[in-house]
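K.L.:
Residue numbers (my numbering): 65 to 238.
Here it is: the structure, laid out below.
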(Lines of atoms letter the chains of each structure in order from A; the text may use other names.)
(Lines give C-alpha, C1' and ligand atoms only; values in the text may rest on other atoms or scores of the structure.)
Protein backbone atom coordinates (compact mmCIF):
# COMPACT_ATOMS: atom_id res chain seq x y z
CA UNK A 65 0.00 0.00 0.00
CA UNK A 66 1.15 3.49 -0.79
CA UNK A 67 1.16 6.39 1.63
CA UNK A 68 -1.79 7.89 -0.25
CA UNK A 69 -3.81 4.70 0.22
CA UNK A 70 -3.00 4.66 3.95
CA UNK A 71 -4.01 8.33 4.23
CA UNK A 72 -7.31 7.58 2.49
CA UNK A 73 -8.07 4.69 4.87
CA UNK A 74 -7.10 6.82 7.88
CA UNK A 75 -9.23 9.73 6.61
CA UNK A 76 -12.33 7.55 6.21
CA UNK A 77 -11.96 6.15 9.72
CA UNK A 78 -11.16 9.56 11.24
CA UNK A 79 -14.28 11.11 9.70
CA UNK A 80 -16.44 8.20 10.88
CA UNK A 81 -15.03 8.49 14.42
CA UNK A 82 -15.59 12.27 14.33
CA UNK A 83 -19.24 11.86 13.32
CA UNK A 84 -19.81 9.31 16.11
CA UNK A 85 -18.16 11.59 18.67
CA UNK A 86 -20.42 14.47 17.64
CA UNK A 87 -23.45 12.17 17.74
CA UNK A 88 -22.77 10.85 21.26
CA UNK A 89 -21.00 13.77 23.02
CA UNK A 90 -24.20 15.50 24.17
CA UNK A 91 -25.73 12.24 25.40
CA UNK A 92 -22.58 11.38 27.34
CA UNK A 93 -22.39 14.90 28.81
CA UNK A 94 -26.03 14.61 29.96
CA UNK A 95 -25.32 11.23 31.57
CA UNK A 96 -22.29 12.68 33.37
CA UNK A 97 -24.39 15.62 34.61
CA UNK A 98 -26.99 13.20 36.02
CA UNK A 99 -24.31 11.15 37.76
CA UNK A 100 -22.71 14.34 39.12
CA UNK A 101 -26.09 15.35 40.52
CA UNK A 102 -26.18 12.02 42.38
CA UNK A 103 -22.81 12.98 43.86
CA UNK A 104 -24.16 16.24 45.32
CA UNK A 105 -23.15 18.44 42.42
CA UNK A 106 -26.65 19.60 41.44
CA UNK A 107 -26.85 22.34 38.83
CA UNK A 108 -23.43 21.43 37.45
CA UNK A 109 -23.04 21.52 33.70
CA UNK A 110 -20.66 19.32 31.76
CA UNK A 111 -19.79 19.83 28.11
CA UNK A 112 -17.61 17.91 25.71
CA UNK A 113 -16.04 20.22 23.13
CA UNK A 114 -14.83 18.61 19.93
CA UNK A 115 -12.48 20.77 17.90
CA UNK A 116 -10.34 20.24 14.84
CA UNK A 117 -7.25 22.01 13.64
CA UNK A 118 -7.39 23.14 10.03
CA UNK A 119 -4.09 22.73 8.22
CA UNK A 120 -3.03 23.26 4.65
CA UNK A 121 -0.53 20.46 5.30
CA UNK A 122 -3.27 18.14 6.54
CA UNK A 123 -4.46 15.20 4.48
CA UNK A 124 -7.89 14.56 6.01
CA UNK A 125 -10.46 16.36 3.87
CA UNK A 126 -13.82 17.00 5.52
CA UNK A 127 -16.42 19.67 4.70
CA UNK A 128 -14.11 20.97 1.94
CA UNK A 129 -11.35 21.70 4.48
CA UNK A 130 -8.07 19.99 5.24
CA UNK A 131 -7.44 18.95 8.84
CA UNK A 132 -4.40 18.04 10.87
CA UNK A 133 -4.48 14.39 11.93
CA UNK A 134 -3.48 12.95 15.28
CA UNK A 135 -3.39 9.37 16.62
CA UNK A 136 -7.07 9.70 17.67
CA UNK A 137 -8.31 11.02 14.31
CA UNK A 138 -8.92 14.70 13.58
CA UNK A 139 -10.51 15.70 16.87
CA UNK A 140 -9.11 17.41 19.93
CA UNK A 141 -11.49 16.85 22.81
CA UNK A 142 -11.75 18.96 25.93
CA UNK A 143 -14.08 18.63 28.89
CA UNK A 144 -15.73 21.80 30.19
CA UNK A 145 -17.42 22.24 33.57
CA UNK A 146 -19.57 24.71 35.40
CA UNK A 147 -19.84 23.57 39.02
CA UNK A 148 -22.25 26.38 39.91
CA UNK A 149 -25.62 27.08 38.35
CA UNK A 150 -25.62 30.13 36.09
CA UNK A 151 -21.87 30.22 35.52
CA UNK A 152 -20.45 29.55 32.05
CA UNK A 153 -18.55 26.34 31.47
CA UNK A 154 -14.77 26.54 31.52
CA UNK A 155 -12.00 24.00 30.83
CA UNK A 156 -12.21 21.29 33.47
CA UNK A 157 -8.43 21.03 33.75
CA UNK A 158 -8.09 24.66 34.83
CA UNK A 159 -11.05 25.19 37.19
CA UNK A 160 -12.01 21.97 38.96
CA UNK A 161 -10.96 21.32 42.54
CA UNK A 162 -9.50 17.97 43.57
CA UNK A 163 -12.82 16.94 45.09
CA UNK A 164 -14.74 17.91 41.96
CA UNK A 165 -12.34 16.02 39.69
CA UNK A 166 -12.68 12.97 41.94
CA UNK A 167 -16.46 13.07 41.75
CA UNK A 168 -16.44 13.59 37.98
CA UNK A 169 -14.12 10.59 37.59
CA UNK A 170 -16.46 8.50 39.72
CA UNK A 171 -19.43 9.72 37.65
CA UNK A 172 -17.66 8.73 34.42
CA UNK A 173 -16.67 5.33 35.82
CA UNK A 174 -20.29 4.77 36.88
CA UNK A 175 -21.53 5.48 33.37
CA UNK A 176 -19.00 3.17 31.72
CA UNK A 177 -19.03 0.36 34.28
CA UNK A 178 -21.01 -1.94 31.97
CA UNK A 179 -18.76 -1.17 28.99
CA UNK A 180 -15.41 -1.20 30.76
CA UNK A 181 -13.89 -4.70 30.73
CA UNK A 182 -11.96 -4.26 34.00
CA UNK A 183 -12.90 -6.44 36.95
CA UNK A 184 -11.38 -4.20 39.63
CA UNK A 185 -11.31 -0.43 40.11
CA UNK A 186 -8.95 1.23 42.55
CA UNK A 187 -9.91 4.63 43.93
CA UNK A 188 -7.02 6.33 45.71
CA UNK A 189 -8.63 8.93 47.97
CA UNK A 190 -11.30 9.74 45.39
CA UNK A 191 -13.12 11.43 48.26
CA UNK A 192 -10.33 13.94 48.93
CA UNK A 193 -11.65 17.43 49.46
CA UNK A 194 -15.11 16.14 50.37
CA UNK A 195 -17.00 15.42 53.58
CA UNK A 196 -20.51 14.97 54.96
CA UNK A 197 -23.27 14.29 52.47
CA UNK A 198 -20.91 14.30 49.50
CA UNK A 199 -18.73 11.61 51.07
CA UNK A 200 -21.88 9.64 51.89
CA UNK A 201 -22.98 9.85 48.23
CA UNK A 202 -19.55 8.72 47.04
CA UNK A 203 -19.70 5.76 49.42
CA UNK A 204 -23.17 4.72 48.26
CA UNK A 205 -22.20 4.98 44.60
CA UNK A 206 -19.06 2.89 45.08
CA UNK A 207 -21.10 0.33 47.04
CA UNK A 208 -23.58 0.15 44.15
CA UNK A 209 -20.75 -0.33 41.67
CA UNK A 210 -19.30 -3.11 43.83
CA UNK A 211 -22.31 -5.26 42.96
CA UNK A 212 -20.79 -5.68 39.49
CA UNK A 213 -17.04 -5.29 39.96
CA UNK A 214 -14.50 -5.32 42.74
CA UNK A 215 -13.80 -1.89 44.23
CA UNK A 216 -10.69 -1.11 46.25
CA UNK A 217 -10.79 2.27 47.92
CA UNK A 218 -8.16 4.10 49.90
CA UNK A 219 -9.97 6.54 52.15
CA UNK A 220 -9.75 8.45 55.41
CA UNK A 221 -13.51 9.07 55.59
CA UNK A 222 -15.86 6.99 57.69
CA UNK A 223 -18.76 7.73 55.32
CA UNK A 224 -16.92 5.94 52.53
CA UNK A 225 -15.21 3.22 54.59
CA UNK A 226 -18.49 2.22 56.25
CA UNK A 227 -19.86 1.02 52.89
CA UNK A 228 -17.04 -1.50 52.41
CA UNK A 229 -17.40 -5.23 52.96
CA UNK A 230 -13.77 -5.68 54.04
CA UNK A 231 -11.33 -3.29 55.64
CA UNK A 232 -7.55 -3.23 55.84
CA UNK A 233 -5.68 -0.84 58.06
CA UNK A 234 -2.45 0.34 56.48
CA UNK A 235 0.11 2.21 58.53
CA UNK A 236 3.38 3.80 57.58
CA UNK A 237 6.33 3.77 59.93
CA UNK A 238 9.80 5.14 59.46
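Ideal Cβ placement from N, Cα and C applies to all residues, glycine included.
Based on the DSSP output, what are the partners of residue 139 in its beta bridges?
P.N.:
Counted from its first residue, the chain shown places residue 139 at position 75. According to DSSP, residue 139 bridges with 116.
K.L.:
Classify residue 158 as buried or exposed, calling it buried when 16 or more other Cβ atoms lie within 10 Å of its own Cβ.
P.N.:
As a working note, residue 158 is residue 94 in the chain shown. So residue 158 counts as exposed.
K.L.:
Report the option in 73, 103, 139, 66 whose CA atom is closest to the CA atom of residue 290.
P.N.:
Beyond the ends of the chain as shown, which are 65 and 238, falls residue 290; an answer cannot be given.
K.L.:
CB residue 133 to CB residue 74, shorter than 8 Å?
P.N.:
Stepping through the chain shown from its first residue, residue 133 is reached at position 69. Stepping through the chain shown from its first residue, residue 74 is reached at position 10. It is a contact, given that the beta carbons lie within the stated cut-off.
K.L.:
Counting only runs that start and end within the segment 184 to 216, where is the alpha helix (DSSP H) found for 4 or more residues in a row?
P.N.:
You should have 196 to 209.
K.L.:
Based on DSSP bridge pairs, tell me the residues matched to residue 110.
P.N.:
As a working note, residue 110 is residue 46 in the chain shown. Paired residue(s): 145.
K.L.:
Per DSSP, what are the beta-bridge partners of residue 130 in this structure?
P.N.:
Mapped onto the chain shown, residue 130 falls at position 66. Beta-bridge pairing links residue 130 to 125.
K.L.:
So, at 8 Å on beta carbons, what are the nonlocal neighbours of residue 92 in its own chain, with the 5 sequence-adjacent residues on each side left out?
P.N.:
Position 28 of the chain shown, counting from 1, holds the residue named residue 92. Closer than 8 Å at Cβ, skipping near neighbours: 112, 175.
K.L.:
What residues are listed by DSSP as bridge partners for residue 155?
P.N.:
Mapped onto the chain shown, residue 155 falls at position 91. According to DSSP, which records beta bridges pairwise, residue 155 is partnered with 144.
K.L.:
Quick check: the segment 116 to 132 against the segment 216 to 233, are there 3 or more CB pairs under 8 Å?
P.N.:
These segments do not touch.
K.L.:
First and last residue of the alpha helix (DSSP H) that includes residue 82?
P.N.:
Along the chain shown, one-based indexing puts residue 82 at 18. Per DSSP, residue 82 belongs to the alpha helix (DSSP H) from 67 to 102.
K.L.:
Whole angstroms are fine: how far does the CA of residue 116 sit from the CA of residue 80?
P.N.:
Taking the first residue of the chain shown as 1, we reach residue 80 at position 16. Taking the first residue of the chain shown as 1, we reach residue 116 at position 52. C-alpha separation (whole angstroms): 14 Å.
K.L.:
What residues in its chain sit with their C-beta under 8 Å from that of residue 214, if we drop five residues either side in the sequence?
P.N.:
Taking the first residue of the chain shown as 1, we reach residue 214 at position 150. Hits under 8 Å: 183, 184, 185.
K.L.:
Would residue 118 be called buried (16 or more neighbouring beta carbons within 10 Å of its own) or exposed?
P.N.:
Translated into the one-based positions of the chain shown, residue 118 becomes position 54. Answer is exposed; the Cβ neighbour count stays below 16.
K.L.:
Contact between the segment 89 to 105 and the segment 200 to 208: three or more CB pairs below 8 Å?
P.N.:
At 8 Å Cβ cutoff, the stretches touch.
K.L.:
On a Cα-Cα basis, can you pick out the residue from 194, 110, 150 that is closest to residue 90?
P.N.:
Here the question's residue 90 lines up with position 26 in the chain shown. It is 110.
K.L.:
Write down the C-beta distance between residue 212 and residue 227 rounded to the nearest angstrom, noting that I regard them as a contact closer than 8 Å.
P.N.:
The residue labelled residue 212 in the question sits at position 148 within the chain shown. The residue labelled residue 227 in the question sits at position 163 within the chain shown. Their Cβ separation, rounded to whole angstroms, is 15 Å, which puts residue 212 and residue 227 out of contact at 8 Å.
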